[in-house]
Amino acid sequence: MSTLDLFSVTPSEAADLLPRRFRDWFASRGWAPREHQLALLAKAREQRSALLIAPTGAGKTLAGFLPTLVELSGETPGRKDSHLPLKGGGRHARGRDSATGRDGWGSAAGSEQTADPQPSPRPFRGRESDQLAGGEDAVVEQPRPSLISTGRSVRRSGGLHTLYISPLKALAVDIARNLETPVAEMGLPIRIETRTGDTPVSRRQRQRRYPPDILLTTPEQLALLLASDDAPYLFSSLKRIVLDELHALVTSKRGDLLSLGLARLWTIAPQMRAIGLSATVADPEQLARFLVPQPGGQSASADVVIAGGAAPPLVEMLDTRERLPWSGHSARHALPEVYELIKRNKTTLVFVNTRSQAEMLFQDLWRMNDDGLAIALHHGSLDVAQRRKVEDAMAAGKLRGVVCTSSLDLGVDWGDVDLVINIGAPKGSSRLMQRIGRANHRFDEASRAVLVPANRFEVLECRVAIDAIAENAQDTPPLRSGALDVLAQHVLGCACGEPFFSDELYAEVRTAAPYAALSRTDFDDVVDFVATGGYALKTYERFARIKQDKNGRWRVANPKVRQSYRLNVGTIVEETMLKVRLVRSRAGGSGSTGAIARGGRMLGEIEEVFIEGLVVGDTFVFGGEVVRYEALVEDQVYVSRANDKDAKVPSYMGGKFPLSTYLAERVRNLLDNSRAWNALPDQVHDWLSLQKRFSRVPALRELLVETFPRGGKHYLICYPFEGRLAHQTLGMLLTRRLERARARPLGFVANEYALAIWCVSDVPSMIRQGRLDLNALFDPDMLGDDLEAWLAESALMKRTFRNCAIISGLIARRFTDEEKSRRQVLFSTDLIYDVLRKHQADHVLLRAARGDAATGLLDLRRLGDMLSRIHGRITHKDLDHVSPLAVPALLEIGRESVYGEASDELLAEAAEELVREAMT
Amino acid sequence: MADVGFLADCSGALFWEEQRLLIVSDLHLEKGSSFASRGVLLPPYDTVATLSRLAAVIARHDPRQVIALGDSFHDRTAHERLSEADREVLAALQARRSWIWISGNHDPALPSDLGGVVATEVAIGPIVFHHEPTGRSGEIAGHLHPKARVPTRGRSIERRCFASDGERAVMPAFGAYTGGLSIRDAAFARVFGASTFMVHVLGDNRVHAFAASRCY
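Order-wise, the sequence lines are chains A and B.
When we follow our numbering, the leftmost residue of the first sequence carries the number 3, and every step to the right adds one.
When we follow our numbering, the leftmost residue of the second sequence carries the number 744, and every step to the right adds one.
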């Protein structure tokens, strides 16, 4: 049961919720508590968990912590002043009095001999108890933390009160810093600490023995804390967990891991309530399920509080004076205009979709930076220290512009950004709204944003995104169902803590929203996998990692297992990175062979998948300069300095996020409605009109398929508008079918909107003669046997499997020193995939990988939806030459990766090409 | 090679027609259980997979003799972990043909009860079979697990391969879990010296030849 409320709070109600000291503090700052901040206080008092939906700049973080600060202040709201005698030695008072202000906190945190905060020994309620079944409605008595003045210092018997979880460790550190201000200014007796991968071991140990009142950390650190036998001691006093940026956390496996941690906490600390902080999402009720234990068979949600009053953003599309490109993603045509915008505004964030795009744009902007504007670069591959420097300069108002990627989607507020520019496709309306929210973090002022489409198709996408924002239409994805590989990691973590019974852990795991529907079979298979690999061939009993004791409880078999778990916790599998080294070019000496000169200056690191897409001799931008790809030897990429001004490979790499289903639907609507084209720039309007005359503009529900000859080959192009990932999968499957139909496909290219396949055979005449039936070609049954056959060899599927193998703990990515000293353990997960698939196709890891494939790199679910939508609604246009709509896709050939699974064909073609080369 | 014609099978085996001799290298049997004993529970199906591929290629060529060119077992005790079923499969493959186990660095001390004979080196005519390549003329070796990445249209394909300059050859690893070493690694330069060499890349149904300098 939950309520959706927009609180309206009267001053007397505010007084009722906020103690005097807090009201005075707000007043001293010239602030009034916001409605949603008070709403969360009210929820906390009613012992309710709550989800706060608020845009950036709404004081979301303070809202999340206010209930904790009030409870820990020891004051009762509404009553007459009840200041506790802090005078005369409270360390927090010292902190406040000291001239250094926040530094006082730092020293306080390190002085536990004066603090001596000893948690009261609260009996741990055994897992046998069914407490959490009562869920939200069971009001657990919550003793107010008592403060005992020892005369020398503050002694509290409360233990850890509040846990704060952030997706970014930098964010946790920043929030801790921000939180110190009100705490110091109000002189609250509260100890705040952070715990991240960077926290020194001594401090970590102390945190376990003498927990702070508030601990700020990440999902991975929470998992580590839970995977120890003193977890009940540490967490049994917990009253609240605050989950920041929940909308971002729940879309990934990190969210699964966090949900399992929550389930653990509900058992250890049944009195704990959750506060979720989130940007606007499509379905708040769904998201609110994450915050409360799910009762078996039913669904429960936390209360939802929505902050109102944000001014709608002002978004426009750049009306370029230049010619709009047909394809590409660089938006180079509009750079002078982008530069003008940066110049005209105080601070501008320029968002692009990929790292390499950011690199290129940054370089181009510097080339035209005659005014010497302070423009910086920020993306995930940059060194952490470098990123922090940019962030600090930004916070200090020293920068005029920052070119950034999704690396800046999250993070603390910076106040003075007054314009957001989004280069390229917005991909999804919610994502775009969150980015736009980065401009002007004053809540009641409108954010300003300019969208810069990089090609004609992106104009359509920008147009519908602007409309969606005007309607405040959200397209965040639905809540995930929990991944089995993450569950495997959690089960091992549980065994590293207190021994567990399968029955009890199964019941506990199902209280986590993503795992509410987990079957017992899946659970048991996962436990079996953790123990002995889960193989039908039972030969690894003696190598078991977890074992049952005589009571049937599971525990780790030996300390090495625990050590390995600790090293490998987490669900973020980094791309394999290769080191880039600069060497002298060997392009001059023809026919040179042999090994390239080793050594060379290190330029940085680059994703392996990117290099795999290159051919020796290709040029690309790296670290701000154009380089030529020379060779790949082990984990080293050798490049030489290229004198070209432009890189041959724009290295777009597609970006991580495909066009959202929602925006795709709107794009199809826009195309279908030719009257709406008037709102589009003339160039785009003309382009669509030309397409209408020459071929056809796809109608809302149909799939348009065009065929035409070109350069001795026959092209088949279709326009599903389902995003690159789904199109790529469709391309793989269609080429298999076309091969069987003897159309002899050679390759295909997929972008966000279209898929183009080229064949040796005359496809249109095959269609005319009835030798190829388009309806049969696009029949949804391709997701049956064809899919299975393709999955057997798909590189994408193998990559998906690799991630599952790592997250589940089958394969370690980090080793203990002892293991490292032995020869590095390297084997190919591709080969393991091949063998496992052949000998135990229903193995739990393969099931996990298939689950990922449905929504991940292969986007199967979306492809399936599309195939059923267009079934029987295919329109074929038999053309003499390429259509206007097809041009962008064809221009991507040679830029985007071209696929063809028929490796023999490709290898043969490569061999022939080399022969030709040699003959001429 | 050295005036002897060899057939490079796309499974990774080499066949000498006149001698009806089949050579396979680096089977690495029981690699899975070897890792399992150290806590990495790789699927225990690698031996079955390797032996069934070996059975297929033997059925295809019906050799009179087989040479396993070293590192046939992943560790010193791996042969003890062979399942009863796998032993029987192996025995069936060895029936009616002579079988030579060349010892490698992973299996330097093979027992004599595996069927066939154990040797460190075998010479037949102008050809010498030896596990670790030394670079001498007429040598066929394994050990290095060569693989090559071939650039094709817009992407590259990486496969296991044979490497040879007509004087000496390095065979690909045959085992189901055996990874590879790029033919651009300095180890190959040491084997082939200054001479240019070819790679014979294992396709799905055929073997493709490239100049090594064209691959990476």
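C-beta: ideal position from N, C-alpha, C; glycine also.
Alpha-carbon to alpha-carbon, B/Arg-957 and B/Asp-752 | 22 Å
When the cut-off is 8 Å and only beta carbons count, does B/Leu-757 lie next to chain A?
-> no
Rounded straight-line distance, which links the Cα of A/Ser-383 to that of A/Ala-856 = 28 Å
So which residues on chain A does B/Leu-785 lean against when the C-beta distance must stay under 7 Å?
-> Ile-834
With DSSP as the reference, please indicate the residues paired to A/Lys-549 in a beta bridge.
-> A/Arg-557
With DSSP run on the structure shown, which of helix, strand or coil describes A/Asn-753?
-> Residue state for A/Asn-753 is assigned as coil, using DSSP reduced to three classes.
Spatial neighbours of A/Arg-193 within its chain, please: CB distance less than 6 Å, with the 5 preceding and 5 following residues excluded, ordered by chain position.
-> Pro-214 and Asp-215
Under 9 Å from the C-beta of B/Ser-907: neighbouring residues of chain A = Within 9 Å Cβ-Cβ: nothing; B/Ser-907 doesn't reach chain A, min ~14 Å.
Which residues bound the alpha helix (DSSP H) around A/Met-396?
-> Per DSSP, A/Met-396 belongs to the alpha helix (DSSP H) from 386-397.
Does the distance from the C-beta atom of A/Glu-610 to that of A/Met-579 stay below 8 Å?
-> yes
Got a sec? Which residues, its chain only, sit under 8 Å from A/Val-900 by beta carbon, not counting five neighbours each side?
-> Note that A/Val-900 scores a pLDDT of 48, beneath 50, so its modelled location is shaky; the value from the coordinates is reported in the next line. Cβ neighbours of A/Val-900 beyond the five flanking positions: Gly-749, Phe-750 and Val-751.
Segment limits, beta strand (DSSP E) that includes A/Ser-885 | Note, A/Ser-885: premise wrong, no beta strand (DSSP E); not H, not E.
Taking only runs that begin and end inside the region 184-234 of chain A, name each unbroken alpha helix (DSSP H) of 4 or more residues, in chain order.
-> 203-211 and 221-228
7 Å Cβ shell around A/Asn-777 - same chain, five flanking residues per side excluded | Gly-874 and Ile-876
Check the Cβ-Cβ distances between A/Gln-842 and every residue of chain B, and say whether any is below 8 Å.
-> yes
Three-state secondary structure assigned by DSSP to A/Phe-292 | coil
Residue environment, A/Val-340, which counts as buried when at least 16 other CB atoms sit within 10 Å = buried
Could you pull the start and end residues of the alpha helix (DSSP H) that A/Arg-864 belongs to?
-> 862-872
Counting only beta-carbon atoms, is B/Arg-840 nearer than 8 Å to chain A?
-> no
Listed from N- to C-terminal order along the chain, which residues in the region 783-806 of chain A have their beta-carbon within a distance smaller than 7 Å of any beta-carbon of chain B?
-> For the region 783-806 of chain A, no residue has a beta-carbon sitting nearer than 7 Å to a beta-carbon of chain B.
Quick one: using the 10 Å Cβ neighbour count with 16 as the cut-off for buried, is A/Arg-291 buried or exposed?
-> buried
C-beta atoms of A/Ala-265 and A/Pro-57 nearer than 8 Å = no
Per-residue contacts from B/Gly-858 into chain A (C-beta, under 9 Å) = What B/Gly-858 touches in chain A: nothing, since even the nearest Cβ is about 22 Å away.
Taking a Cβ distance cut-off of 8 Å, strictly less, list which residues of the region 564-583 of chain A are near chain B, in chain order.
-> Ser-566
Since A/Arg-643 sits in a beta bridge, which residues does DSSP pair it with?
-> A/Val-629
If you draw a straight line from the alpha carbon of A/Phe-803 to that of B/Ala-779, how long is it in whole angstroms?
-> A/Phe-803 and B/Ala-779 have their C-alpha atoms spaced approximately 19 Å apart.
Helix, strand or coil: which one does DSSP assign to A/Asn-424?
-> strand
Which value, in whole angstroms, describes the spacing of the CA atoms of A/Ala-95 and A/Phe-24?
-> Any reading at A/Ala-95 needs caution, since the residue's pLDDT is 30, under 50, leaving its predicted position unreliable; the model's value is listed next. For the pair A/Ala-95 and A/Phe-24, the Cα-to-Cα distance works out to about 16 Å.
May I ask you to report which of helix, strand or coil DSSP gives B/Val-715?
-> In the structure as shown, chain B begins at 744 and stops at 959. Residue 715 of chain B is therefore absent and cannot be evaluated.
Neighbouring residues, chain A, relative to B/Val-791 (Cβ below 7 Å) = His-841
Taking the alpha carbon of A/Gly-714 as the point to measure from, which residue in A/Leu-245, A/Arg-742 and A/Cys-761 has its own alpha carbon closest?
-> A/Cys-761
Sequence-distant residues of its chain with Cβ nearer than 8 Å to A/Gly-590 (five each side left out) | At A/Gly-590 the pLDDT is 44, less than 50, meaning the model places this residue with poor confidence; the figure from the coordinates comes in the next sentence. Same-chain partners within the cutoff: there are none.
Would you list, in sequence order, the uninterrupted beta strand (DSSP E) runs of no fewer than 3 residues that lie entirely inside the region 337-391 of chain A?
-> 350-353 and 377-380
Run down chain B in chain order and give the residues with a C-beta less than 7 Å from the C-beta of A/Ile-167.
-> Ordered by position in chain B, no residue passes the 7 Å Cβ test against A/Ile-167, which lies about 30 Å from the chain.
Measuring CB to CB, does B/Arg-903 end up less than 8 Å from B/Pro-894?
-> No.
Return the residue from the list A/Phe-353, A/Cys-464 and A/Leu-217 that minimises the CA-CA distance to A/Lys-241.
-> A/Lys-241 has its Cα closest to that of A/Leu-217, out of A/Phe-353, A/Cys-464 and A/Leu-217.
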